[in-house]
Amino acid sequence: MAGPRHISVSEASRPVLPRHTKLKFDETRQVWVILAPERVLAPDEIAVEVLQLCDGLRSVGEIADQLAAKYTADRATILADVIGMLQDLADKAFLTEARERTS
Amino acid sequence: MTDSNDGLAVLESRGSTAETYGIPLAVLAELTHRCPLSCPYCSNPLELERASGELTTAEWKKILTELAEIGVLQIHFSGGEPTARKDLVELVQHASDAGLYTNLITSAVLLTRDRLRDLADAGLCHVQISFQGSEPAIADRVGGLKDAHRKKIEVAKWTRELELPLTVNAVMHRQNLHQLSDIIQMAVDLDADRLEVANVQYYGWALKNRAALMPSFAQLEDTDRIVEEARTRLKGTLTIDYVVPDYYALRPKKCMGGWGRQFFNISPTGKILPCHAAETITGMEFESVRSNHSIAWIWQNSAALNRYRGTSWMKEPCKSCDLREIDFGGCRCQAFALTGDAANTDPACALSPMHEPIFRQAEHEAADHQDRFLYRNFAGGTPETGDHGA
Chain D
-5 MAGPRHISVS EASRPVLPRH TKLKFDETRQ VWVILAPERV LAPDEIAVEV LQLCDGLRSV
55 GEIADQLAAK YTADRATILA DVIGMLQDLA DKAFLTEARE RTS
Chain U
459 MTDSNDGLAV LESRGSTAET YGIPLAVLAE LTHRCPLSCP YCSNPLELER ASGELTTAEW
519 KKILTELAEI GVLQIHFSGG EPTARKDLVE LVQHASDAGL YTNLITSAVL LTRDRLRDLA
579 DAGLCHVQIS FQGSEPAIAD RVGGLKDAHR KKIEVAKWTR ELELPLTVNA VMHRQNLHQL
639 SDIIQMAVDL DADRLEVANV QYYGWALKNR AALMPSFAQL EDTDRIVEEA RTRLKGTLTI
699 DYVVPDYYAL RPKKCMGGWG RQFFNISPTG KILPCHAAET ITGMEFESVR SNHSIAWIWQ
759 NSAALNRYRG TSWMKEPCKS CDLREIDFGG CRCQAFALTG DAANTDPACA LSPMHEPIFR
819 QAEHEAADHQ DRFLYRNFAG GTPETGDHGA
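Protein chains in written order, with the numbering used here: chain D, -5 to 97; chain U, 459 to 848.
Rendered as structure tokens:
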């Protein structure tokens, strides 16, 4: 299997876009898009920023740390928003979790 | 931060694309009309294109490059059976190199594990396999090919072994709707990401076979219930897309999002069509990529694509209807097939004067149980023989 299905996003998750979901800048329309089977989504700027940090290495907690520092915002609020957004993507099968690393 | 859902709007729903007939996000490439199956509801036209007329490898490559340049994001390789083209791996590689998201829509029966791996290596993003039932007896009979179902299951397993995402496409009709629950379970067992439950749409071959395919109203009520229950139970595991049959509806479907608004497909010989069934409307001249025009020019300017855009072509009851910009009068192909004029209201709409008689006819056909198929082929169709034959 490519990755676990129906993941539950938490602070410890290390999310990554699965092979069939691609984040891309659409030059023609000058907008970021998520390409998935039979679907094209238009994430907003913040979603794009979060998704660019989803590399399967960073945890959701680390992503929240980074965004809270950058925007000098409340970390708990950021964390809740990031988890909400990523869970929504995961429920639609546009997000998976990096496999356990053996190292 | 904003509400998480705000950022996930589906791009298609944005007004700008529809208003200006912007370049579609996704295009269907029908590489060939050749197919080892002969399903009686095939969406290809009754007059199939022969191999000799098909676009060459070089022509398709030029098209793929052009599509990527003008802003198409996804390409669906379809047919007929796209794997019947010897150059499929080369075309997928070319599309990937051009930055297109590639999807293979296949019956799977011609694929070997090696060829599927080559397709994956060439950058294929997604595989959609059609199934004709949940078990061989019905499935192989519908497709008209022995051992097809077993082969499809095998290819579906390879697809997941190669870590490619899988959509199971199940075309449903009177003679297989009782297998829907088993088909849903089959999709789960195959570790599919998506399941398309697509009721037959009645044009071309399917219209010729309507008496053998039309479900009963009771079957459709069961279908709605089964799909809703499965969607809830399988949330996060399996996405289920459901295409309802419009014969039993009161309002017509917004077919293709409206004629020439969001989508086109390219036929095996290079014609730019607003949908895969458009050639069933006789007397229309569709422009080909083999003309001197660019694809973008054809999309914007072709007389055939402009013919049913917007609302000015409409007759009553569409013309003065409050819903005319909601459903654009339904499906032009169905309007033509059932009334002889593509500009008429789709009889799926209860406001069409044809709605009642056609609905009643469908009910009779569903109750009559004339189950014999007319198989799709290059010879104009072959009637089924054996137990279900006359």
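Note that the Cβ used here is the ideal one computed from N, Cα and C, for glycine as well.
Given the structure is predicted, the values throughout are model-derived calculations rather than measurements.
(message) I need the DSSP call for D/L61, collapsed to helix, strand or coil.
(response) In the first sequence, residue 61 of chain D corresponds to position 67, counting from 1. DSSP, read as helix, strand or coil, puts D/L61 in helix.
(message) Please list the terminal residues of the continuous beta strand (DSSP E) segment that includes U/H584.
(response) Looking up residue 584 of chain U in the second sequence gives position 126. Start and end: 584 to 589.
(message) Helix, strand or coil for U/A656? Go by DSSP, reduced to three states.
(response) One-based indexing of the second sequence puts residue 656 of chain U at position 198. The three-state secondary structure of U/A656, taken from DSSP, is strand.
(request) Enumerate, from N- to C-terminal direction, the unbroken alpha helix (DSSP H) stretches of 4 or more residues contained entirely within the segment 744 to 819 of chain U. (result) 753 to 759, 761 to 765, 782 to 785, 790 to 797
(message) Between U/Q819, U/K666, U/P673, U/C776, which has its C-alpha nearest U/Y499's C-alpha?
(response) Residue numbering aside, residue 499 of chain U sits at position 41 when the second sequence is read from its first letter. The residue with the shortest Cα to Cα distance from U/Y499 is U/K666.
(request) Kindly indicate which three-state DSSP category U/H607 falls into: helix, strand or coil? (result) Position 149 of the second sequence, counted from the first residue, corresponds to residue 607 of chain U. In this structure, U/H607 counts as helix in the three-state DSSP scheme.
(request) Kindly indicate if chain U contains any beta-carbon less than 7 Å away from that of D/V34. (result) Reading the first sequence from its first residue, position 40 is the one you call residue 34 of chain D. Yes, contact with chain U.
(message) Between D/P31 and chain U, is the shortest Cβ-Cβ distance under 7 Å, so that the two count as touching?
(response) Counting from one through the first sequence, the residue named residue 31 of chain D turns up at place 37. Taking Cβ atoms only, chain U reaches closer than 7 Å to D/P31, which makes this a yes.
(request) Please confirm whether D/A147 and D/L73 have their CB atoms less than 7 Å apart. (result) Missing from the structure shown is residue 147 of chain D; chain D here goes from -5 to 97 and no further.
(message) Given this structure, state the Cα-to-Cα distance separating D/R33 from U/F722, to the nearest angstrom.
(response) For the purposes of this step, residue 33 of chain D is taken as residue 39 along the first sequence, with counting starting at 1. For the purposes of this step, residue 722 of chain U is taken as residue 264 along the second sequence, with counting starting at 1. When rounded, the distance between both Cα atoms is 16 Å.
(request) Please list, in chain order, all residues of the same chain as U/K773 whose beta carbon is under 7 Å from its beta carbon, the five residues on each side excluded. (result) Translated into positions along the second sequence, residue 773 of chain U becomes position 315. Same-chain partners within the cutoff: A801, N802.
(message) Distance cutoff 7 Å, beta carbons only. Does D/A87 sit that close to anything in chain U?
(response) In the first sequence, counting from the first residue as 1, residue 87 of chain D sits at position 93. At least one chain U Cβ lies under 7 Å of D/A87.
(request) Please state whether DSSP places U/L504 in a helix, a strand or coil. (result) Taking the first residue of the second sequence as position 1, residue 504 of chain U is located at position 46. In the structure shown, U/L504 sits in coil (DSSP, three-state: anything other than H, G, I, E or B).
(message) In the DSSP assignment, the beta strand (DSSP E) including D/L29 goes from what residue to what residue?
(response) Taking the first sequence and counting its residues from 1, one reaches residue 29 of chain D at position 35. D/L29 -> beta strand (DSSP E) spans 25 to 30.
(message) Here's a check: name, in chain order, each residue in its chain whose Cβ is nearer than 7 Å to the Cβ of D/V25, leaving out the five neighbours to either side.
(response) In the first sequence, residue 25 of chain D corresponds to position 31, counting from 1. Counting only Cβ-Cβ distances below 7 Å, and skipping sequence neighbours, we find A36.
(request) Check whether the Cβ of U/H846 lies closer than 7 Å to any Cβ atom in chain D. (result) One-based indexing of the second sequence puts residue 846 of chain U at position 388. Not an interface residue.
(request) With DSSP as the reference, please indicate the residues paired to D/S4 in a beta bridge. (result) Residue mapping note: residue 4 of chain D aligns to position 10 of the first sequence, counting from 1. Residue pairing for D/S4: DSSP places it in no beta bridge.
(message) Taking beta-carbon pairs under 8 Å, can you tell me which members of the segment 663 to 694 of chain U lie near chain D?
(response) K693, G694
(request) Excluding the 5 residues preceding and the 5 following U/A848 in the sequence, name in chain order all residues of the same chain whose CB lies nearer than 7 Å to its CB. (result) Numbered from 1 along the second sequence, position 390 holds the residue referred to as residue 848 of chain U. With a pLDDT of 49 at U/A848, under the threshold of 50, the predicted position of this residue should be treated as unreliable, though the coordinate-derived value follows. Excluding sequence neighbours, U/A848 sits near R830.
(message) Counting only Cβ pairs nearer than 8 Å, list the residues of chain U close to D/R13.
(response) Numbered from 1 along the first sequence, position 19 holds the residue referred to as residue 13 of chain D. Near D/R13 (Cβ distances below 8 Å), the residues of chain U are C583, E621, L622, P623.
(message) Rounding to the nearest angstrom, what Cα-Cα distance links U/A754 and U/Q792 in this structure?
(response) Counting from one through the second sequence, the residue named residue 754 of chain U turns up at place 296. Counting from one through the second sequence, the residue named residue 792 of chain U turns up at place 334. C-alpha separation (whole angstroms): 27 Å.
(request) At 9 Å on the CB atoms, spell out the chain D contacts of U/R652, in chain order. (result) Stepping through the second sequence from its first residue, residue 652 of chain U is reached at position 194. Those are P31, E32, A87, listed as they occur along chain D.
(message) Let me confirm a value: U/I784 is counted as buried when at least 16 other C-beta atoms fall within 10 Å, else exposed. Which label applies?
(response) Here residue 784 of chain U refers to the residue found at position 326 when the second sequence is read from its first residue. U/I784 is exposed by the Cβ-count criterion.
(message) Let's test the definition: count the other Cβ atoms within 10 Å of the Cβ of U/N759 and tell me whether it reaches 16, buried, or not, exposed.
(response) As a position in the second sequence, residue 759 of chain U is number 301, starting the count at 1. U/N759 should be labelled exposed.
(request) For U/T460, name the three-state secondary structure that DSSP assigns. (result) Taking the first residue of the second sequence as position 1, residue 460 of chain U is located at position 2. Only weak support is given to the placement of U/T460: the predicted model assigns it a pLDDT of 30, under 50, and the value that follows is read from those uncertain coordinates. Coil.
(message) Quick check on the DSSP output: the alpha helix (DSSP H) that includes U/T523 runs from which residue to which?
(response) For the purposes of this step, residue 523 of chain U is taken as the residue at position 65 of the second sequence. 515 to 528 is the extent of the alpha helix (DSSP H) around U/T523.
(message) DSSP three-state label for U/F647, please.
(response) The residue you call residue 647 of chain U lines up with position 189 of the second sequence. As written in the sequence, residue 647 of chain U is Asp, which differs from the Phe given in the question. It is helical.
(request) Please confirm if U/G839 has its CB atom under 7 Å from at least one CB of chain D. (result) Within the second sequence, residue 839 of chain U is the residue found at index 381, counting from 1. No, its Cβ sits nowhere closer than 7 Å to a Cβ of chain D.
(message) I believe D/P9 touches D/L80 by the beta-carbon criterion, under 8 Å. Please report the beta-carbon distance rounded to the nearest angstrom.
(response) Counted from its first residue, the first sequence places residue 9 of chain D at position 15. Counted from its first residue, the first sequence places residue 80 of chain D at position 86. That belief holds up - the Cβ atoms of D/P9 and D/L80 are roughly 6 Å apart, short of 8 Å.
(request) Find the nearest neighbour of U/C789 within the set U/Y660, U/I756, U/T727, judged by alpha-carbon distance. (result) Along the second sequence, read from residue 1 onward, the residue named residue 789 of chain U stands at position 331. Minimum Cα distance to U/C789 is reached at U/Y660.
(message) With the cut-off set at 7 Å, would you say U/N410 and U/I596 are in Cβ contact?
(response) Outside the modelled stretch of chain U, which goes from 459 to 848, sits residue 410 of chain U, for which no answer is possible.
(request) Measuring alpha carbon to alpha carbon, tell me which of U/T560, U/C497, U/V550 ends up nearest U/A484. (result) Taking the first residue of the second sequence as 1, we reach residue 484 of chain U at position 26. Selected option, being the one with the closest Cα: U/T560.
(request) Give the DSSP bridge partners of U/T697, in chain order. (result) In the second sequence, residue 697 of chain U corresponds to position 239, counting from 1. Answer is U/R652.
(request) Classify D/E21 as helix, strand or coil using the three-state DSSP reduction. (result) The sequence position of residue 21 of chain D within the first sequence is 27, counting from 1. In the structure shown, D/E21 sits in coil (DSSP, three-state: anything other than H, G, I, E or B).
(request) Just mark U/F535 as buried or exposed, buried being the case when its beta carbon has 16 or more other beta carbons within 10 Å. (result) Locating residue 535 of chain U in the second sequence gives position 77, counting from the first residue. U/F535 should be labelled buried.
(message) Against U/L882, what residues of chain D qualify as contacts under a CB-to-CB distance less than 7 Å, listed in chain order?
(response) Absent from the structure is residue 882 of chain U, since the part of chain U shown begins at 459 and ends at 848.
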